[in-house]
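Enquirer: Residue numbers (my numbering): 3 to 281. Glycine is no exception: its CB is placed at the ideal position from the N, C-alpha and C atoms. In this text, all values refer to a predicted model and were calculated from it rather than measured experimentally. Sharing a structure below in structure tokens format, with a few things to ask.
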């Protein structure tokens, strides 16, 4: 069970620093943030005025109303500094405490990569696929799904959890980057929030199979893996709850399931932390 206690408690500034008041700021620099402050977690908040907003060294974008989204990687350090830099008017900052988590080890009865593909050929093919994925993540579409309360893309048994270290028939692999949901082959999965389709594989990727990616805006994107079939195309604007594809087991999969991963910039998020409790 993941405890969400302490999610951004006390981040709002109760007083406006005198230098910022003198510069005309009439609202607290950082106000009303909400979210989950732990590894793999996230936050939404609002900033006053037009500062340069950063989380550590990472620039944080915000909309015309000052609303922003940010997140913490699976391996995030114990603290992160959120800073609103108003130039000559001054700086307002908060040190955020990021709760650590324990990560299990999972043994997967599948090869590290398709056995029919030699190592050199796999590496070359994989580089092309990764380039497509990175190009999709780099797109800026103006989507606003990041503002929404996310919903489950499918309902079923959770067959894999975010963050676990995976061992593929004795070969250590990367940690599991998403949430696996197993509702059964052919079940329709839907958009957890509004977005724009930035990648819809016309042929299965080696690991992801029939891969679909959505941009939710503000650097937040979803990836859905292993589909039996996709129901949308690149460039489509989709709304929350809209069917996206059918659950399958294409790519590296030991059974039919939906793998859903979330990423903000370079940070990988735990989808369970942005969803309402199941059932």
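With the cut-off set at 7 Å, would you say residue 229 and residue 243 are in Cβ contact?
Expert: Taking 7 Å as the Cβ cut-off, residue 229 and residue 243 do not qualify as a contacting pair.
Enquirer: List in chain order: all unbroken beta strand (DSSP E) runs of 3+ residues lying wholly within the region 248-272.
Expert: 260-266 and 269-271, all fully within the region 248-272.
Enquirer: Return the chain-ordered list of same chain residues with a C-beta closer than 7 Å to the C-beta of residue 49, the five sequence neighbours on each side being excluded.
Expert: Contacts found: 31, 32, 55, 64, 68, 70 and 86.
Enquirer: Three or more beta-carbon pairs under 8 Å between the region 265-281 and the region 160-167, yes or no?
Expert: With a cut-off of 8 Å, the region 160-167 and the region 265-281 count as touching, because enough Cβ pairs lie within range.
Enquirer: Can you say whether residue 171 is buried or exposed, counting buried as having 16 or more other CB atoms within 10 angstroms of its CB?
Expert: By the 10 Å Cβ count, residue 171 comes out exposed.
Enquirer: Looking at the secondary structure, which residues open and close the alpha helix (DSSP H) in which residue 121 lies?
Expert: Note, residue 121: alpha helix (DSSP H), 121-139.
Enquirer: When you compare the region 186-193 with the region 249-265, are there three or more beta-carbon pairs, one atom per stretch, that lie closer than 8 Å?
Expert: Yes, since at least three Cβ pairs between the region 186-193 and the region 249-265 fall closer than 8 Å, the two stretches touch.
Enquirer: Which first and last residues belong to the beta strand (DSSP E) in which residue 182 is found?
Expert: Taken as a continuous stretch (DSSP letters only), the beta strand (DSSP E) holding residue 182 covers 181-184.
Enquirer: From the DSSP secondary-structure annotation, give me the bridge partner or partners of residue 197.
Expert: According to DSSP, residue 197 bridges with 240.
Enquirer: Where does residue 280 fall in DSSP's three states?
Expert: If DSSP states are grouped into helix, strand and coil, residue 280 belongs with coil.
Enquirer: With respect to the beta strand (DSSP E) encompassing residue 44, which residues constitute its N-terminal and C-terminal limits?
Expert: It spans 44-49 - the beta strand (DSSP E) in which residue 44 sits, taken as one unbroken run.
Enquirer: Here's the rule: buried if 16 or more other CB atoms are within 10 angstroms of the residue's CB, otherwise exposed. What is residue 101?
Expert: Buried, by the Cβ-count rule.
Enquirer: Just to confirm before moving on: does the CB-CB distance between residue 96 and residue 42 stay below 7 Å?
Expert: No, Cβ-Cβ distance for residue 96 and residue 42 is not below 7 Å.
Enquirer: Is it buried or exposed for residue 202, if we count other Cβ within 10 angstroms and need 16 for buried?
Expert: Label assigned to residue 202: buried.
Enquirer: Between which two residues does the beta strand (DSSP E) harbouring residue 225 extend?
Expert: Run containing residue 225: 222-229, per the beta strand (DSSP E) assignment.
Enquirer: Taking the beta strand (DSSP E) that residue 192 belongs to, which residues open and close that run?
Expert: First-last of the beta strand (DSSP E) with residue 192: 190-192.
Enquirer: On the CB-based measure, 16 or more other CB atoms within 10 Å of its CB, does residue 3 come out buried or exposed?
Expert: Unreliable positioning characterises residue 3 in this predicted model, as indicated by a pLDDT of 47, which lies under 50. The coordinate reading is nonetheless provided below. Looking at its Cβ environment, which holds fewer than 16 other Cβ atoms inside 10 Å, residue 3 is exposed.
Enquirer: Classify residue 217: buried if its beta carbon has 16 or more other beta carbons within 10 angstroms, exposed otherwise.
Expert: So residue 217 counts as buried.
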